[in-house]
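Enquirer: In the numbering used here, the protein residues as written are 148 to 437.
Take a look at the following structure, please.
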Amino acid sequence: MELLNSFFTSFYGKKILFSLGIIIILYIIRKINYIIVIEKIENSKSKYYWNKTSNYLLILIGILSIGRLWFVGFQSISTFLGLFSAGLAISLREIITNFAGWLYIISKKPFVIGDRIEIGKFAGDVIDISVLNFTILEIGNWVNADQSTGRIIHIPNGIIFNQNLANYTKDFKFIWNEIPILITFDSNWKKAKGILLDIAKKHAEHLSKEAEEKLKKAAAKYMIYYKKLTPIVYTSVKDSGILLTIRYLCQPRKRRGSSHEIWEEILEEFSKHSDINFAYPTQTIHIEKN
Numbered sequence: 148m149e150l151l152n153s154f155f156t157s158f159y160g161k162k163i164l165f166s167l168g169i170i171i172i173l174y175i176i177r178k179i180n181y182i183i184v185i186e187k188i189e190n191s192k193s194k195y196y197w198n199k200t201s202n203y204l205l206i207l208i209g210i211l212s213i214g215r216l217w218f219v220g221f222q223s224i225s226t227f228l229g230l231f232s233a234g235l236a237i238s239l240r241e242i243i244t245n246f247a248g249w250l251y252i253i254s255k256k257p258f259v260i261g262d263r264i265e266i267g268k269f270a271g272d273v274i275d276i277s278v279l280n281f282t283i284l285e286i287g288n289w290v291n292a293d294q295s296t297g298r299i300i301h302i303p304n305g306i307i308f309n310q311n312l313a314n315y316t317k318d319f320k321f322i323w324n325e326i327p328i329l330i331t332f333d334s335n336w337k338k339a340k341g342i343l344l345d346i347a348k349k350h351a352e353h354l355s356k357e358a359e360e361k362l363k364k365a366a367a368k369y370m371i372y373y374k375k376l377t378p379i380v381y382t383s384v385k386d387s388g389i390l391l392t393i394r395y396l397c398q399p400r401k402r403r404g405s406s407h408e409i410w411e412e413i414l415e416e417f418s419k420h421s422d423i424n425f426a427y428p429t430q431t432i433h434i435e436k437n
């Protein structure tokens with residue numbers, strides 16, 4: 148007992164007690180913050196951001212408080228920071244890179260929670276951003292048309308510095324989608340093209356005005372220029388038929404749904420016309436008789 152008392156009254160014993168006291172106080176503050184503030188916030192997005200911000204603030208206060216307590220013996224803070232930075236640069240290079248990536252993400256905001264992004268070989272909806280990594284709900288991979296796979300992927304923040312980033316939903320908030328339809332050479336392609344254009348306008352033309360407004364705002368920040376935002380049908384010739392390609396604007400998360408609706412209407416409309424037939428690759432075999 149006497150040995151224990153002498154330890155806690157010693158120089159390092161007092162520091163340990165004060166450090167534990169700081170940790171306990173910050174833990175209590177965190178619990179009070181959660182019970183009194185966070186549970187009363189109804190908006191889930193606001194609750195998420197408040198929880199993250201308050202946790203980071205408490206961690207920062209704890210690091211500064213305990214750091215000042217233990218490193219008071221250094222002649223100056225610059226000496227401490229110099230030695231500390233040198234040690235981190237050697238042993239914690241990946242952690243530093245990821246932390247720098249986090250600072251870049253929260254300051255420059257190349258993406259935020261809720262954005263749909265593609266970076267490197269990963270694509271998905273951003274569902275969390277933390278100090279060392281961000282988390283996405285994966286899309287694509289073995290699932291077609293940018294649909295969710297259900298997998299949650301944690302990606303180091305440092306990837307932002309060495310991989311190209313595509314943001315589906317930032318600023319412009321629309322993507323172009325194309326649906327190719329191949330018809331036979333003897334089909335009435337002009338009639339088919341008119342039918343396809345009417346279907347495309349029915350499903351997508353209402354987005355053109357909204358996209359035009361978004362484009363005007365985005366053009367102030369980026370050099371984006373589109374001459375035509377309304378749906379269009381392009382014509383080209385392939386080996387096995389005439390290719391009519393519908394090109395239209397859609398919201399990133401509705402690409403598959405819009406394709407599904409347009410294809411169903413195409414099948415219904417084409418079935419009403421005997422002079423329009425879908426084409427498919429064929430192969431002719433000639434057998435010579437001796």
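All residues carry an ideal CB built from backbone N, CA and C; glycine is no exception.
The model shown is predicted, which means the values in this text are computed figures rather than measured ones.
1. Are D293 and T282 closer than 8 Å when you measure CB to CB?
2. My guess is that S334 and I413 are in contact by the Cβ rule of under 8 Å, so how many angstroms apart are they, rounded?
3. Nearest by alpha-carbon distance to N324: which of I260, P303 and Y395 is it?
4. Measuring straight from C-alpha to C-alpha, what distance separates L205 and Y315?
5. For the alpha helix (DSSP H) containing L344, list its first residue and its last residue.
6. From E416, S212, W249 and L173, pick the residue whose C-alpha is nearest to that of L344; which is it?
7. Residues in its own chain within less than 6 Å of K161 by CB, not counting five upstream and five downstream?
8. If you draw a straight line from the alpha carbon of G388 to that of V380, how long is it in whole angstroms?
9. Rounded to whole angstroms, how far is the Cβ of R317 from the Cβ of F258, which I believe are closer than 8 Å?
10. So which of V384, L167, H353 and I328 has the shortest CA-CA distance to L376?
11. Classify I266: buried if its beta carbon has 16 or more other beta carbons within 10 angstroms, exposed otherwise.
12. Kindly indicate which three-state DSSP category I260 falls into: helix, strand or coil?
13. The beta strand (DSSP E) spanning W249 covers which residue range?
14. Cβ of I326 within 8 Å of Cβ of I264?
15. Can you confirm whether the stretch 238-247 touches the stretch 299-307 when touching is taken to mean that 3 or more C-beta pairs between the two stretches lie within less than 8 Å?
16. Since Y381 sits in a beta bridge, which residues does DSSP pair it with?
17. Pull the bridge partners of H301 from the DSSP assignment, please.
18. Could you pull the DSSP bridge partners for D275 from this structure?
19. Taking the alpha carbon of K320 as the point to measure from, which residue in L216, A358 and Y174 has its own alpha carbon closest?
20. From the DSSP output, in three-state form, read off A358 for me.
21. Buried or exposed for P428, please, with buried defined as at least 16 other CB atoms from any protein chain shown within 10 angstroms of its CB.
22. Would you tell me roughly how many angstroms separate the C-alpha atoms of S201 and I253, rounded to the nearest one?
23. May I ask you to report which of helix, strand or coil DSSP gives P399?
24. Taking the alpha carbon of L211 as the reference point, which residue from I179, I330 and I169 has its own alpha carbon closest?
25. How would you label Q222, buried or exposed, when you count the other beta carbons within 10 angstroms and need 16 or more for buried?
26. Could you tell me the boundaries of the beta strand (DSSP E) in which I328 lies?
27. Can you tell which of K199, K348 and K256 has its C-alpha closest to the C-alpha of L312?
Expert: On the basis of the coordinates in this document:
1. Here residue 293 refers to the residue found at position 146 of the sequence shown. Here residue 282 refers to the residue found at position 135 of the sequence shown. The answer is no: Cβ separation not under 8 Å.
2. Numbered from 1 along the sequence shown, position 187 holds the residue referred to as residue 334. Numbered from 1 along the sequence shown, position 266 holds the residue referred to as residue 413. About 13 Å separates the two Cβ atoms, so there is no contact after all.
3. Taking the sequence shown and counting its residues from 1, the one referred to as residue 324 is at position 177. Answer by Cα proximity: Y395.
4. One-based indexing of the sequence shown puts residue 205 at position 58. One-based indexing of the sequence shown puts residue 315 at position 168. The alpha-carbon atoms of L205 and Y315 are separated by roughly 34 Å.
5. Looking up residue 344 in the sequence shown gives position 197. That run of the alpha helix (DSSP H) goes W336 to A351.
6. Residue mapping note: residue 344 aligns to position 197 of the sequence shown, counting from 1. Of E416, S212, W249 and L173, the residue nearest in Cα terms is E416.
7. Reading the sequence shown from its first residue, position 14 is the one you call residue 161. Answer for K161: no residue qualifies.
8. As a working mapping, residue 388 is identified with position 241 in the sequence shown. As a working mapping, residue 380 is identified with position 233 in the sequence shown. One Cα belongs to G388, the other to V380, and the distance between them is close to 16 Å.
9. Start at 1 with the first residue of the sequence shown, and residue 317 comes out as number 170. Start at 1 with the first residue of the sequence shown, and residue 258 comes out as number 111. A quick correction: the sequence has Lys, not Arg, at residue 317. Sure, about 7 Å apart at Cβ, within 8 Å.
10. To locate residue 376, count along the sequence shown from 1; it is residue 229. Nearest of V384, L167, H353 and I328 to L376, Cα basis: H353.
11. Sequence index remark: in the sequence shown, residue 266 carries index 119 (1-based). By the 10 Å Cβ count, I266 comes out buried.
12. Here residue 260 refers to the residue found at position 113 of the sequence shown. If DSSP states are grouped into helix, strand and coil, I260 belongs with coil.
13. Locating residue 249 in the sequence shown gives position 102, counting from the first residue. Note, W249: premise wrong, no beta strand (DSSP E); alpha helix (DSSP H) at R240 to K255.
14. Residue mapping note: residue 326 aligns to position 179 of the sequence shown, counting from 1. Residue mapping note: residue 264 aligns to position 117 of the sequence shown, counting from 1. Taking 8 Å as the Cβ cut-off, I326 and I264 do not qualify as a contacting pair.
15. Contact annotation: the stretch 299-307 touches the stretch 238-247, with at least three C-beta pairs closer than 8 Å.
16. As a position in the sequence shown, residue 381 is number 234, starting the count at 1. Answer is T392, bridged to Y381.
17. For the purposes of this step, residue 301 is taken as the residue at position 154 of the sequence shown. Paired residues: T282.
18. The residue given as residue 275 occupies position 128 in the sequence shown. In DSSP, D275 forms a bridge with T282.
19. Locating residue 320 in the sequence shown gives position 173, counting from the first residue. Among L216, A358 and Y174, the Cα nearest to that of K320 belongs to A358.
20. Along the sequence shown, one-based indexing puts residue 358 at 211. Looking at A358 - three-state DSSP - the assignment turns out to be helix.
21. Numbered from 1 along the sequence shown, position 281 holds the residue referred to as residue 428. With fewer than 16 other Cβ atoms within 10 Å, it is exposed.
22. Position 54 of the sequence shown, counted from the start, is the residue given in the question as residue 201. Position 106 of the sequence shown, counted from the start, is the residue given in the question as residue 253. Going by the C-alpha atoms only, they are around 15 Å apart.
23. In the sequence shown, counting from the first residue as 1, residue 399 sits at position 252. Here P399 sits in helix by DSSP.
24. Against the sequence shown, residue 211 aligns to sequence position 64. Relative to L211, the option among I179, I330 and I169 whose CA is nearest is I169.
25. In the sequence shown, residue 222 corresponds to position 75, counting from 1. Here Q222 scores only 47 on pLDDT, less than 50, and its place in the model is too uncertain to base an answer on.
26. In the sequence shown, counting from the first residue as 1, residue 328 sits at position 181. Looking at the DSSP string, the run of the beta strand (DSSP E) that includes I328 is I322 to I330.
27. The residue you call residue 312 lines up with position 165 of the sequence shown. Selected option, being the one with the closest Cα: K256.
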